[in-house]
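Shown next, in the form of C-alpha cells:
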C-alpha cells in the first residue's frame, strides 16, 4: 500500500464518519413519518393529526439543515418557526432568506461570543412561543453552538454585562461546567427555560451532541432539559472563584435576588413541565465513529473504537495513541493488522507559544514526534471542519512525516513548542481542509496500520 | 461482585504478572539444559562441554537471582563470576555472602547514583574478564539499574567528576538518551565495552528489560550491545545543551581526546567483537502483561493489552485510560464486559507540589478524579514494588473512592495538585504495598470492568 493510498483511505474514513452525522440526513434517517405520525428512534410516536399546529425552534451551527429536513417531513402540518445559527451557516445550507408561507425564520448571529443579533433573534423565538397552546407541538433542533447563539437576558442585564462576566470567568480559571452554572442563572432560555416557554405545548427536542457524554443539560446549555444547578450553586461558585465583587453589579444583584427566591429557579427534574418534553439525541461522535469503523472495515481493516470520550492535553493524548499504534505494529494488540484505531472526543491545548493551530493539528504534530518507523497513517480532524482559528479541520501524519519535515528544514519540536502546528503542516501540505461541514460532533482520530 | 472481591482480583492479576518476570524463574523457564548444552528461547544452543570455563557477570537490581538461577543450571561447568546489585538486593535473594568454590562474587553498590563501591566492584569484574580466552564462555545477566551499578571510569576522571556531570546534565534539561550518549563516552564498560572486555570469549547476555521498546543499547546502557552514538554526538550534545564550558575539565578533555581519535570509540554494529555475542531478552513488561491477561481470563474477564509502551505525564495518561474504561462501560468497546484492560510502560510526573508520591500513585489518583460512577476497579503498580520515594508500589481505586475520600474529608484535587497521592491513598488504606519484588519491568495498569 503506497503512502498516498493510505492517506486517501484515512480521509475516506473520516469523510464517511462526518457524513453519518450530517444534520439534514440525520433527521431524514431517524425521524420516520408514518400515517400522519412522526416516529422517533427511541420508539416515541407523535400524532401530528392530533395537533393544532406544529412549530420548529432551535439554534446551533447545524440547526438550519435539521430544521429544513424536519420541515420537509412535516409538510402541511408545519406552522412556522424560528432558528438561529452562526454567521455564514444559513448560507451553507442554502437557506439564508427563504420566502415561503408559513415561514421558517432563520437568523444568523455571533458565535462563540453572543451578540445583539442573537439576543434579538432569541426574543423573536420566545415571542413566538408565547402563543403556543396545549394543542400545539414544538420541535426544537439543538446543535453545538446553541448556547451562544440562543440567549436572552433578564431586564437590567445587558450584553456588555454578559461579555464582562464571560471575560472575568475565563480569567478566573473557571471550568466550563462552572461557567455554565452561572450563565444558566442569568439567562431566560438556558437550563430548561425554553421548555418552560414552550409549555403547555408538547416539546420534542432533536439533538446533535457536541459534548463528551451527551449530557442533555450540557449540550447548548440544555434549553429543554432539567437543570441540575441552582442560584445557590451559582453564588457559591462566585465566592469560590473569588470574583463576587468583580462581576457587574447588575448580575450579582440578579443572582442574589434569585437566591432570595424573588426569581424562579431553572426547572428541575420532576417539574411537571417535563411531562410533555422529549429529548432525543439523533447524532453524536459515537455514531460518527461507528460509521467510520464500517468504512474502515469495507476497506479491509479491523476497526476498533478505543473511546468516544477522549479528553486531555492534546500532545499528551497523542503520546498514548502512538503507544497503542506501536503495540498494534509490533504485537497485533489490541487488534490484529491491518487495523484501524478510532477515537473521538475533544482534547485541550494550553497555549504557551504564539503560533497558529488548533487542538487537532497540535495532536497530529505531537503524534508525528513519536517517530514511528513502520507504515502507518494518522489523522486528527474536527468534524465541523474548523480546528482552532485556522482554515484547516486537522492534519494527517505518516511514517514519512519526520523525513519530509527534515528535508524542508522544519523542526517539529520547535513548531510544537510554539503551538504552531498550522505552519508546520501547511509547509508539508498535510493540512486537512474541508471547509465548514455543517455538522459538529467534536473531533475524531483515525490511525491506519496496514 | 463485591468491591472487595474486585480489588482482590486486580491484585491477583498484578501478582501473576509480576511473578511471570521473576528473574530467578525467568532463567529456569527459558534457559533449558539439554545434554550438556544450554538452549536459549531464540533457538541458540551453547555447548558447555566445548568450553574450557563458563563465567557469570552482570549487574542490576534483579541480577543476583538471575545469576544464581543460571549458576544452578551450569552445575560443575561454573567457573566463577562477579555480579553487582543495589544495596539490600543481594539480601533479598538470600545471596549476600555465599561461601562456595568456585565463587560467584556478589557486590552491593549505590543506585540510582553510582558510588565508589560500584566502581570498585566493576573493577573486579573487568579484571576477571582479562583472563578470558576464546575457549571460555561468559554469561552476562543484565537488569534495570545496571547502568549506575556497573560503571568504570577512565584514568583521570573521578566519581566526583561524574556526579558533577550528572547534576549539570539534569539541570540542563537533557533527555535520558542524550544523557546516556554522553555517559557512554566517559565509561569503560557501557555501550558495548563489556562485550569488548569479554572478547575473545563468547558472550551470552540474558536481559530483563526495564525500558520501553527493549532497545539493547539502552537497557543498563547496553554493556554488550553495539553502540549507536559517537564521541562526536557527545561533543555536539554538550554544545547544544550549552554546557560545554561548565562540565568538569577532565571530562571535556577526555571527550575531546575521543573526538580526536586518541581513545577507541565504543564498538559499533558490524564490529567483529559482536560475532561472538548473543543478546537475549528473557523478560519485559509485555511478558508481564501477557501473563496478567491470562490470569484475568481465568477469572472470567475478556482481557485486552492496550499497549506495553505507555508513556507521558501520569495524570494525562490516566485521563485517556479512564476514557477507554468509560467506553467499555457504556458501549462494550474496545472489548465486551466483563473486561480487563491492561497497559504497561513508564509514565512521568513533573513535580510542582511538595507532597509524597510516585508516578503510579499519581496516575491512580488522577484516574479517581474522572469520577466514573459504574462498577470498576483500577490499579497502577510498579513491578519492582517501589513507586517514587515511598513504601508503596502503587495504588488502587474504584467506584467508591470519591465517596470514601469525601467521608474522610480528603479533596482528591488538592492532593493531586500537591503531588501528594501517597497521603491520599494512605488515609484510604488503598496503597499497594508489596515490598521489593526482586524484578523490574517498569509499571503496569489493570482495569477491571465487571
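Chains as they are written, first to last, in the working numbering: chain A, 6 to 455; chain B, 6 to 455. Glycine included, every Cβ here is placed at the ideal spot set by N, Cα and C.
When the cut-off is 8 Å and only beta carbons count, does residue i lie next to chain B?
i                      : result
residue 339 of chain A : yes
residue 328 of chain A : yes
residue 332 of chain A : yes
residue 418 of chain A : no
Based on DSSP bridge pairs, tell me the residues matched to residue i.
i                      : result
residue 210 of chain A : A:145, A:284
residue 52 of chain B  : B:42
residue 91 of chain A  : A:114
residue 309 of chain B : B:346
residue 437 of chain A : A:399
residue 202 of chain B : Residue 202 of chain B pairs with nothing; no bridge assigned.
residue 197 of chain B : In the DSSP output, where bridge partners are listed per residue, residue 197 of chain B has none listed.
residue 109 of chain A : A:86
residue 59 of chain A  : A:83, A:142
Assign residue i to one of three DSSP states: helix, strand, or coil.
i                      : result
residue 407 of chain A : helix
residue 318 of chain A : strand
residue 276 of chain A : coil
residue 329 of chain A : helix
residue 293 of chain A : helix
residue 453 of chain A : strand
residue 353 of chain B : strand
residue 402 of chain A : strand
residue 462 of chain B : The requested residue 462 of chain B does not occur in the structure, where chain B is confined to residues 6 to 455.
residue 69 of chain B  : helix
residue 224 of chain B : helix
residue 74 of chain A  : helix
residue 137 of chain A : coil
residue 37 of chain B  : strand
residue 124 of chain B : helix
residue 64 of chain B  : strand
residue 390 of chain A : coil
residue 381 of chain B : coil
residue 129 of chain B : helix
residue 340 of chain A : coil
residue 269 of chain B : coil
residue 166 of chain A : helix
Would a check of beta-carbon distances place residue i closer than 8 Å to chain A?
i                      : result
residue 336 of chain B : yes
residue 309 of chain B : yes
residue 300 of chain B : no
residue 364 of chain B : no
How about residue i: is its C-beta nearer than 8 Å to some C-beta of chain E?
i                      : result
residue 286 of chain B : No chain E appears in this structure, whose protein chains are A and B.
Give me the subset of the stretch 134-162 of chain A whose CB atoms are less than 8 Å from a CB atom of chain B, sorted by chain position.
When CB distances to chain B are screened at a threshold of 8 Å, not a single residue of the stretch 134-162 of chain A falls below it.
Mind checking the stretch 375-405 of chain A against chain B and listing, in chain order, the residues whose C-beta falls within less than 8 Å of any C-beta there?
Along the stretch 375-405 of chain A, there is no position whose C-beta sits under 8 Å from a C-beta of chain B.
So if I threshold CB-CB distances at 7 Å, which residues from the stretch 312-328 of chain A count as touching chain B?
Answer set for the stretch 312-328 of chain A: 312, 313, 314, 315, 316, 317, 318, 321, 322, 324, 325, 328.
Looking at chain A, which residues of the stretch 347-362 of chain B have a Cβ within less than 9 Å of any of its Cβ atoms?
So the list reads 348, 350, given in the order they occur along the chain.
Using 8 Å as the cut-off, can you tell me whether the stretch 360-378 of chain A makes contact with the stretch 312-324 of chain A, which would need three or more C-beta pairs spanning the two stretches below that distance?
Contact holds: three or more Cβ-Cβ distances are below 8 Å.
Of all the residues that make up the stretch 66-84 of chain B, which are near chain A by a beta-carbon distance shorter than 8 Å?
None of the residues of the stretch 66-84 of chain B has a beta carbon lying less than 8 Å from any beta carbon of chain A.
How do the stretch 145-154 of chain B and the stretch 62-72 of chain B stand: do at least 3 beta-carbon pairs fall below 8 Å, yes or no?
In short, these stretches touch, since the Cβ pair count reaches three.
Compile a chain-ordered list of the residues in the stretch 268-293 of chain B whose CB is closer than 8 Å to at least one CB of chain A.
Per Cβ criterion, the list reads 291.
Should the stretch 188-200 of chain A be called in touch with the stretch 103-121 of chain A, which here means at least 3 C-beta pairs below 8 Å?
The answer is no - the stretch 103-121 of chain A does not touch the stretch 188-200 of chain A, with fewer than three Cβ pairs under 8 Å.
Three or more beta-carbon pairs under 8 Å between the stretch 398-408 of chain A and the stretch 371-386 of chain A, yes or no?
With the rule of 3 Cβ pairs closer than 8 Å, the stretch 398-408 of chain A counts as touching the stretch 371-386 of chain A.
If we count Cβ pairs, one from each stretch, closer than 8 Å, do we get three or more for the stretch 243-259 of chain B versus the stretch 213-226 of chain B?
Of all C-beta pairs linking the stretch 243-259 of chain B to the stretch 213-226 of chain B, fewer than three are shorter than 8 Å, placing the two stretches out of contact.
Could you say if the stretch 280-292 of chain B and the stretch 18-27 of chain B meet the contact criterion of at least three C-beta pairs nearer than 8 Å?
Contact holds: three or more Cβ-Cβ distances are below 8 Å.
Inter-stretch contact at 8 Å, needing at least 3 Cβ pairs: the stretch 202-218 of chain A / the stretch 132-152 of chain A
Counting C-beta pairs closer than 8 Å gives three or more between the stretch 202-218 of chain A and the stretch 132-152 of chain A, which meets the contact rule.
Please confirm if the stretch 424-433 of chain A is in contact with the stretch 333-351 of chain A, defined as three or more CB-CB distances below 8 Å between the two stretches.
No: the two stretches stay apart, fewer than three of their Cβ pairs being nearer than 8 Å.
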